[in-house]
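Engineer: Protein chains in written order, with the numbering used here: chain A, 31 to 650; chain B, 31 to 650.
There are 2 protein chains.
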Amino acid sequence: MKKLEIKTPTPTDIEISQSSELLTIEELSKEIGLLSNEYEIHGKYRGKITLEVLERLKNQENGNYVLVTGINPTSFGEGKTTTSLGLSQSLGAHLNKKVFTCLRCPSRGPTFGIKGGASGGGYSLVVPMDEFNLFLPDIDAVSIANNLCAAAIDTRMFHESYQKDIDLFNRLCPKDKNGNRLFTKSMLIRLKKLGIEKQKPEDLTDLEINQFCRLNIDPQTITWKRVVDVSDRYLRKITVGQSQTEKGRIRETGFDIAVASEVMAILALANSLQDLRERIGRIVVARDKDSRPVTTEDLGVAGAMTVLLKDVIKPNLMQTIEKTPVLVHSGPFANIAHGNSSIIADKIALKLVGKDGYVVTEAGFGADCGAEKFFNIKCRSSGLTPNCCVIVCSLRALKTHGGIPLSECKKPNIEGVIKGCSNLKQHIENISKFGIPTVVCINQFINDTDEEIAAVITEAKKAGAFDAVSSTHYARGGEGAIQLATSVIEACQMKNNFKFLYELNLPIKSKIEIIAKEIYRADSVKYEGTTEEDIENFEKNGFGNLPICIAKTQYSFSHDPKLLGTPNGFVFPIREIRASIGAGFIFPISGDISTMPGLPTRPAYYDIDIDEKGNITGLF
Amino acid sequence: MKKLEIKTPTPTDIEISQSSELLTIEELSKEIGLLSNEYEIHGKYRGKITLEVLERLKNQENGNYVLVTGINPTSFGEGKTTTSLGLSQSLGAHLNKKVFTCLRCPSRGPTFGIKGGASGGGYSLVVPMDEFNLFLPDIDAVSIANNLCAAAIDTRMFHESYQKDIDLFNRLCPKDKNGNRLFTKSMLIRLKKLGIEKQKPEDLTDLEINQFCRLNIDPQTITWKRVVDVSDRYLRKITVGQSQTEKGRIRETGFDIAVASEVMAILALANSLQDLRERIGRIVVARDKDSRPVTTEDLGVAGAMTVLLKDVIKPNLMQTIEKTPVLVHSGPFANIAHGNSSIIADKIALKLVGKDGYVVTEAGFGADCGAEKFFNIKCRSSGLTPNCCVIVCSLRALKTHGGIPLSECKKPNIEGVIKGCSNLKQHIENISKFGIPTVVCINQFINDTDEEIAAVITEAKKAGAFDAVSSTHYARGGEGAIQLATSVIEACQMKNNFKFLYELNLPIKSKIEIIAKEIYRADSVKYEGTTEEDIENFEKNGFGNLPICIAKTQYSFSHDPKLLGTPNGFVFPIREIRASIGAGFIFPISGDISTMPGLPTRPAYYDIDIDEKGNITGLF
């Protein structure tokens with residue numbers, strides 16, 4: 031394999047991406063051991079792996095499962111994706127291990143907004159970077175499935191509002207061309223839910239027709255919003271139905287950014303196509319006027335929604351600039367969802383690398399959110415056990431947690447670094463509660479001093495890290511991460527005592543309190559507004575056994591983004607509590623969580639253009 | 031080649047699709063003469079043709095260019111797509127001609143709503159039909175480009191509303207890490223438009239800063255709407271900006287179905303990537319407070335919008351069940367846009383089939399809309415000359431135009447058919463005004479009588495058709511369309527006198543009147559509301575030289591969907607007049623035109639589902 035040609039100073043990401051030499055998808059697929067029916071080619075450098083491979087390799091032992099997470103993010107970014115890629119490049123291209131990196135599909139909201147793309151950086155990069163940031167199909171398919179459901183909700187309310195039971199029934203169950211009336215699959219599921227065991231429309235009584243036809247959605251309880259993969263702040267709160275054709279049936283609602291859709295969380299948590307179909311059918315979109323949950327199955331739209339996801343259930347196959355394989359799949363938000371790449375991608379990767387291989391998977395936000403949800407939600411759904419956790423930090427980010435002003439963070443400041451290590455250390459302690467070893471990775475920048483790095487290593491080990499190393503994969507690719515990779519290999523050889531933080535059969539409030547106290551270090555939890563009632567209602571409806579997915583700021587262990595370092599002695603407030611029954615979690619919301627970003631005065635799109643040959647400029 | 035195995039009665043389309051034997055994209059690409067760098071594989075049965083092929087074949091003579099259009103549609107459907115495919119299958123698989131069919135991407139609105147898919151029917155089918163109806167990327171890319179622009183408009187108004195000129199300027203032209211300030215490409219275009227020749231931000235005077243930074247969009251004049259590829263009636267009219275974060279800056283707007291986006295029309299009318307970029311930059315989204323047009327270039331978003339279309343500019347390559355190639359590309363609405371498949375697809379196909387080959391391309395709605403716009407808008411933009419026009423009709427649709435009630439239309443009724451032929455005959459006369467021969471195709475159904483068919487043939491020839499034939503391609507595939515194909519071949523050998531209906535340098539009102547009188551047969555045109563002022567304004571802004579794209583009902587020659595047959599003596603009203611400057615046409619709107627369909631009580635999605643193996647059911 032041709033060695034990576036490293037330039038100094040590091041060129042821009044798009045320059046590195048456009049000058050990199052890639053394997054074709056056929057070559058890559060062959061190299062990772064796929065049979066010809068187990069992958070699809072989608073353009074020159076993107077493939078899809080079909081789920082058949084899981085069947086063929088079902089008796090294969092899984093590889094080592096490595097989670098990459100971070101300290102609480104700061105405005106500098108710590109480089110979780112860059113580190114995931116650098117670690118993989120090192121394992122695969124330098125240490126001769128079989129390896130996969132599993133990443134989420136990036137939203138185009140940040141790509142065109144403030145943050146830029148999410149393809150790693152420098153010489154730790156997934157390529158082609160424009161393909162990764164802009165042209166993966168997952169988010170579009172999720173958006174359309176989500177929005178079809180939204181249209182189904184409003185349309186159904188509209189049609190129920192002016193029709194008599196019998197007219198509604200005749201329209202829902204019309205005669206086919208042979209004069210027969212049939213229930214669809216979703217109608218039979220609804221009938222079963224209503225306790226009506228009949229199979230033929232003709233046999234329903236008037237009362238049963240009423241029960242069957244009337245979803246009686248209470249508009250005040252609709253939690254389903256429309257989505258778009260654009261940062262469009264004006265859609266946060268809107269009124270719909272103002273055309274005369276809707277006859278005054280207006281309603282206040284809003285749009286979320288597409289990655290916040292429950293459909294995206296479901297795609298990430300499903301274990302198979304059948305599991306996906308069932309989860310989609312369990313989605314609760316609202317309650318009826320008797321407070322009973324109304325599902326997508328009741329709306330008759332769950333099958334069509336799943337059909338729209340038929341292709342995107344297959345993970346996208348791409349590669350790093352050192353030609354190691356990357357699976358990019360799904361992209362759930364890390365607050366109101368669990369913020370991890372997909373179970374299906376991880377499972378395929380674990381089988382393909384086999385016993386001696388490595389799968390590096392990334393979790394969003396800091397370890398208090400991303401890793402906690404990885405363990406308690408994702409691993410619970412997949413049945414997989416992680417072997418090692420990498421916590422990424424940077425000196426400048428640690429200094430921010432140590433109270434140093436942003437403008438000073440790029441200068442050496444040993445006291446600031448040590449003070450900021452409190453944040454890192456608490457994450458290390460937290461991970462140890464799940465029973466797996468932690469390797470700390472200091473993502474090294476050009477002005478970092480040896481003294482500062484040594485201090486972080488000492489602090490990390492004091493807190494119980496298996497190892498702590500600095501790493502120069504940004505500037506040097508996999509070669510710069512050899513020490514990190516070596517530590518990860520050693521950590522994976524440790525005996526594993528993986529355990530969940532809480533049992534599912536505890537009351538919802540207990541589960542929330544365990545996370546708030548054990549992970550966030552709150553003194554207590556405060557339930558605001560109607561949250562306690564809502565919890566009771568969830569438990570009454572049989573949703574009490576689900577895991578918890580707390581939506582809070584990523585910038586702090588607490589609910590307050592300004593409390594850096596290790597806040598303690600705080601009361602953790604639950605402002606609102608909602609449920610994603612299809613995805614399979616309850617999500618309490620603490621503090622202000624925006625599910626629709628805005629655009630600044632000068633969004634990133636100002637710099638993005640394309641020349642007549644199709645070369646893209648300005649992407650970062 | 032293996033002969034098509036025909037079953038009677040004709041199975042459902044999805045059954046035919048799922049049981050058909052297909053070429054791989056590699057085999058298909060080889061067969062149509064593509065070099066390996068001229069196509070991309072996207073999944074097993076979908077490819078993309080790259081624009082390089084146009085460069086290689088630029089000296090190749092074009093093939094014969096056949097437009098398929100129809101009489102005014104009725105609720106029965108006439109089968110334009112089915113006929114396009116059947117004709118191609120006959121030319122390619124039975125008469126040994128090189129052939130391509132060019133179709134539009136179908137919207138998922140109708141697929142999940144009332145109408146069903148658009149992949150043809152019976153044994154004249156593009157396959158795999160689920161891939162065609164649900165999984166092509168064009169509409170998603172168009173949607174996101176459209177919606178990015180919408181967010182850019184509202185965001186810009188928001189940020190202009192609270193910032194001083196200098197703050198706005200400093201944010202729009204910030205210092206980079208080397209301390210330099212630079213204008214982006216779009217900023218330089220805006221400066222040029224303002225008559226400011228300076229290249230450096232530092233050189234601008236206060237007045238120039240003000241002119242540069244303030245787009246001063248008049249919210250009342252915004253014509254740009256958001257889009258979604260779902261029939262979602264509740265989004266027809268909405269109020270946005272109701273979240274507290276938008277500080278009371280609410281605005282009434284709406285969503286269109288995605289295929290109604292100007293971006294879609296642009297994709298269909300562009301001749302190259304550079305042409306696409308320029309057209310996107312010319313889009314007028316609103317006027318400023320001095321009534322001057324505000325463009326996407328002014329918003330700095332035109333480059334990013336084009337980047338999003340980088341892949342979808344390449345036409346999708348698929349095939350018929352008889353393995354002839356199909357290009358599916360773009361999908362503009364047929365009322366507020368021109369309703370034809372893309373110029374790029376047609377051009378590639380014409381080069382690939384070469385001098386003795388045939389390209390069958392379809393236009394939406396009846397010939398009064400789709401064909402008129404094909405000639406006057408699409409051919410004007412492409413410079414291509416059609417050789418022959420096929421007008422599709424069915425006996426049941428003719429009977430509807432002849433005043434026979436729907437319930438009676440499937441029964442023989444010779445008088446009804448002859449009376450309904452008036453509609454067909456007027457379309458034949460209209461096409462002759464463009465100087466090309468017409469072949470009438472009677473799309474035959476099982477109960478059609480020989481006597482009725484003979485009557486239509488006589489009437490069509492009386493009206494000047496080159497030929498008129500009945501065709502059984504639905505039930506028999508290409509074999510059933512051999513007579514049609516033979517007539518088309520003969521028609522294409524005729525001397526061609528193609529001409530446009532109007533010259534571009536005529537006043538806008540004259541161009542509208544020529545279409546209304548010559549094609550629709552109106553007595554006169556009535557300009558309602560502010561339409562005459564708006565026309566003056568367009569002409570003042572330099573848009574007077576564009577062709578006209580009239581938005582009216584497809585069901586009638588007139589503006590009134592109830593006036594079947596050949597209405598005359600009517601006044602054609604222009605209710606509103608708008609412009610798609612990027613696409614390059616003025617569109618007067620007559621009557622009620624919905625740009626967002628609704629869903630019925632029982633939408634098609636009720637029947638659509640997927641099994642655990644990924645087989646889709648219920649699609650039609």
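For each residue, glycine too, the CB sits at the ideal point set by N, CA and C.
At a cut of 8 Å, does the stretch 271-278 of chain B reach the stretch 337-353 of chain B through at least three beta carbon pairs?
Structural biologist: no
Engineer: Leu-34 (chain B) touches chain A at which residues, Cβ-Cβ below 8 Å?
Structural biologist: Here residue 34 (chain B) is taken as the residue at index 4 of the second sequence, counted from 1. Leu-34 (chain B) does not reach chain A, its nearest Cβ partner there being about 25 Å away, counting only Cβ pairs nearer than 8 Å.
Engineer: Go ahead and pull the three-state DSSP assignment for His-457 (chain B).
Structural biologist: Position 427 of the second sequence holds residue 457 (chain B). Residue state, collapsed to three classes: helix.
Engineer: Is it buried or exposed, Thr-99 (chain A), if we count other Cβ atoms within 10 angstroms and call 16 or more buried?
Structural biologist: Here residue 99 (chain A) refers to the residue found at position 69 of the first sequence. Per the 10 Å Cβ criterion, buried.
Engineer: Skipping 5 residues on each side, what residues in its chain have a beta carbon closer than 6 Å to that of Gly-432 (chain B)?
Structural biologist: Residue numbering aside, residue 432 (chain B) sits at position 402 when the second sequence is read from its first letter. Within the same chain, Gly-432 (chain B) has close Cβ partners Gly-446, Lys-449 and Gly-450.
Engineer: For Ser-261 (chain B), which residues in chain A fall below 8 Å Cβ to Cβ?
Structural biologist: Residue mapping note: residue 261 (chain B) aligns to position 231 of the second sequence, counting from 1. The contacting residues are Ala-181.
Engineer: Are the C-beta atoms of Glu-481 (chain A) and some chain B residue less than 8 Å apart?
Structural biologist: Taking the first residue of the first sequence as position 1, residue 481 (chain A) is located at position 451. Output row for Glu-481 (chain A): interface = no.
Engineer: Going by DSSP, what residue range makes up the alpha helix (DSSP H) through Met-217 (chain B)?
Structural biologist: In the second sequence, residue 217 (chain B) corresponds to position 187, counting from 1. Residues 215-223.
Engineer: Fully enclosed by the stretch 128-189 of chain B, which beta strand (DSSP E) runs are 3 residues long or longer?
Structural biologist: 129-133 and 154-157
Engineer: Considering Cα atoms alone, identify which of B:Ala-379, B:Ile-144, B:Leu-155 and B:Ala-181 is closest to Lys-88 (chain B).
Structural biologist: Position 58 of the second sequence, counted from the start, is the residue given in the question as residue 88 (chain B). Taking Lys-88 (chain B) as reference, the option from B:Ala-379, B:Ile-144, B:Leu-155 and B:Ala-181 with the minimal CA-CA separation is B:Ala-379.
Engineer: Starting from Phe-142 (chain A), find everything on chain B with Cβ-Cβ shorter than 7 Å and list it in chain order.
Structural biologist: Along the first sequence, one-based indexing puts residue 142 (chain A) at 112. The answer, in chain order, is Leu-178 and Ala-334.
Engineer: How would you list, in chain order, the residues of chain B whose beta-carbon sits under 8 Å from the beta-carbon of Gln-304 (chain A)?
Structural biologist: Position 274 of the first sequence, counting from 1, holds the residue named residue 304 (chain A). Residues of chain B passing the Cβ test: Glu-642.
Engineer: Between Lys-215 (chain B) and Lys-60 (chain A), what straight-line distance do the alpha-carbon atoms span, to the nearest angstrom?
Structural biologist: Residue numbering aside, residue 215 (chain B) sits at position 185 when the second sequence is read from its first letter. Residue numbering aside, residue 60 (chain A) sits at position 30 when the first sequence is read from its first letter. C-alpha of Lys-215 (chain B) to C-alpha of Lys-60 (chain A): approximately 43 Å in a straight line.
Engineer: Just to confirm the assignment: which complete alpha helix (DSSP H) runs, minimum length 4, are found wholly within the stretch 450-506 of chain A?
Structural biologist: 480-492 and 503-506
Engineer: Between the alpha carbons of Gly-146 (chain B) and His-589 (chain B), how many angstroms are there, rounded?
Structural biologist: Here the question's residue 146 (chain B) lines up with position 116 in the second sequence. Here the question's residue 589 (chain B) lines up with position 559 in the second sequence. Rounded to whole angstroms, Gly-146 (chain B) to His-589 (chain B) spans 25 Å at the Cα level.
Engineer: Are the Cβ atoms of Leu-115 (chain A) and Gly-77 (chain A) separated by less than 8 Å?
Structural biologist: Translated into positions along the first sequence, residue 115 (chain A) becomes position 85. Translated into positions along the first sequence, residue 77 (chain A) becomes position 47. Not in contact: Leu-115 (chain A) and Gly-77 (chain A) (Cβ atoms no closer than 8 Å).
Engineer: Among A:Ala-290, A:Val-156 and A:Pro-323, whose alpha-carbon lies nearest the alpha-carbon of Gln-349 (chain A)?
Structural biologist: To locate residue 349 (chain A), count along the first sequence from 1; it is residue 319. It is A:Val-156.
Engineer: Could you please give the first and the last residue of the uninterrupted beta strand (DSSP E) stretch that includes Val-420 (chain B)?
Structural biologist: What you label residue 420 (chain B) is simply residue 390 of the second sequence in a count that begins at 1. Counting along the chain, the beta strand (DSSP E) containing Val-420 (chain B) begins and ends at 418-423.
Engineer: Which bits of chain A does Gly-271 (chain B) rub up against, with CB to CB less than 7 Å?
Structural biologist: Indexing the second sequence from 1 puts residue 271 (chain B) at position 241. In chain order: Tyr-264.
Engineer: Helix, strand or coil for Asn-67 (chain B), going by three-state DSSP, please let me know.
Structural biologist: For the purposes of this step, residue 67 (chain B) is identified with residue 37 of the second sequence, where counting begins at 1. In this structure, Asn-67 (chain B) counts as helix in the three-state DSSP scheme.
Engineer: Using a C-beta to C-beta distance shorter than 9 Å, which residues of chain A count as neighbours of Phe-165 (chain B)?
Structural biologist: By one-based count along the second sequence, residue 165 (chain B) stands at place 135. Correct list: Pro-167, Ala-171, Leu-338, Lys-340 and Asp-341.
Engineer: Using the DSSP secondary-structure output, state which residues sit across from Arg-266 (chain A) in a beta bridge.
Structural biologist: If you number the first sequence from 1, residue 266 (chain A) lands on position 236. Answer is none; Arg-266 (chain A) lacks a bridge partner.
Engineer: Looking at chain B, which residues of the stretch 55-77 of chain A have a Cβ within less than 8 Å of any of its Cβ atoms?
Structural biologist: Glu-70, Ile-71, His-72, Gly-73 and Lys-74
Engineer: To which residues of the same chain is Lys-556 (chain B) closer than 6 Å at the C-beta, ignoring the five residues directly before and after it?
Structural biologist: As a first step, residue 556 (chain B) must be located in the second sequence, where it is residue number 526. Here the set comprises Val-601 and Pro-603.
Engineer: Name, please, each residue of chain B whose Cβ falls closer than 9 Å to the Cβ of Leu-245 (chain A).
Structural biologist: Counting from 1 along the first sequence, the entry for residue 245 (chain A) is found at position 215. Residues of chain B passing the Cβ test: none, with the nearest at roughly 12 Å.
Engineer: Give every residue of the same chain whose Cβ lies closer than 7 Å to the Cβ of Asn-443 (chain A), excluding the five residues on either side of it in the sequence, and list them in chain order.
Structural biologist: Translated into positions along the first sequence, residue 443 (chain A) becomes position 413. For Asn-443 (chain A), same chain residues with a beta-carbon under 7 Å away, outside a window of 5 residues either side, are Lys-429 and Ile-434 in chain order.
Engineer: Evaluate Leu-265 (chain A) with the Cβ neighbour count: other Cβ atoms within 10 Å of its Cβ, from every protein chain shown; 16 or more gives buried, anything less gives exposed.
Structural biologist: If you number the first sequence from 1, residue 265 (chain A) lands on position 235. With 16 or more other Cβ atoms within 10 Å, it is buried.
Engineer: Please confirm whether Gly-209 (chain B) has its beta-carbon closer than 8 Å to some beta-carbon of chain A.
Structural biologist: Counted from its first residue, the second sequence places residue 209 (chain B) at position 179. Against chain A, the CB of Gly-209 (chain B) has no partner CB under 8 Å away; the residue lies outside that interface.
Engineer: Once DSSP output is grouped into helix, strand and coil, what is the label at Pro-603 (chain B)?
Structural biologist: As a working note, residue 603 (chain B) is residue 573 in the second sequence. Here Pro-603 (chain B) sits in strand by DSSP.
Engineer: Going along the chain, which residues of its own chain have a beta-carbon closer than 7 Å to the beta-carbon of Thr-479 (chain B), five neighbours each way excluded?
Structural biologist: For this step, residue 479 (chain B) is matched to residue 449 along the second sequence. These residues qualify, in order along the chain: Pro-442.
Engineer: Around the Cβ of Asn-163 (chain B), are there at least 16 other Cβ atoms within 10 angstroms (buried) or fewer (exposed)?
Structural biologist: Position 133 of the second sequence holds residue 163 (chain B). Burial call: buried.
Engineer: In whole angstroms, give me the CA-to-CA distance for Gly-143 (chain A) and Pro-591 (chain A).
Structural biologist: Here residue 143 (chain A) refers to the residue found at position 113 of the first sequence. Here residue 591 (chain A) refers to the residue found at position 561 of the first sequence. The straight-line gap from Cα to Cα measures roughly 21 Å.
Engineer: Straight-line CA distance for Leu-299 (chain A) to Arg-506 (chain A)?
Structural biologist: The residue labelled residue 299 (chain A) in the question sits at position 269 within the first sequence. The residue labelled residue 506 (chain A) in the question sits at position 476 within the first sequence. Using only the alpha carbons, I get a separation of about 34 Å.
Engineer: Would Arg-632 (chain A) pass as an interface residue toward chain B - the criterion being a Cβ-Cβ separation below 8 Å?
Structural biologist: By one-based count along the first sequence, residue 632 (chain A) stands at place 602. Yes, Arg-632 (chain A) lies at the interface with chain B (some Cβ there is under 8 Å from its Cβ).
Engineer: Keeping to the same chain, check which residues put their C-beta closer than 7 Å to that of Arg-317 (chain A); ignore five residues upstream and five downstream.
Structural biologist: Start at 1 with the first residue of the first sequence, and residue 317 (chain A) comes out as number 287. Closer than 7 Å at the Cβ level, and outside the excluded window around Arg-317 (chain A), lie Asp-248, Thr-251, Pro-323 and Val-324.
Engineer: Could you say which of A:Gly-612, A:Leu-454, A:Phe-106 and A:Arg-201 lies nearest to Ile-239 (chain A) if we only look at CA atoms?
Structural biologist: As a position in the first sequence, residue 239 (chain A) is number 209, starting the count at 1. Per the Cα distances, A:Arg-201.
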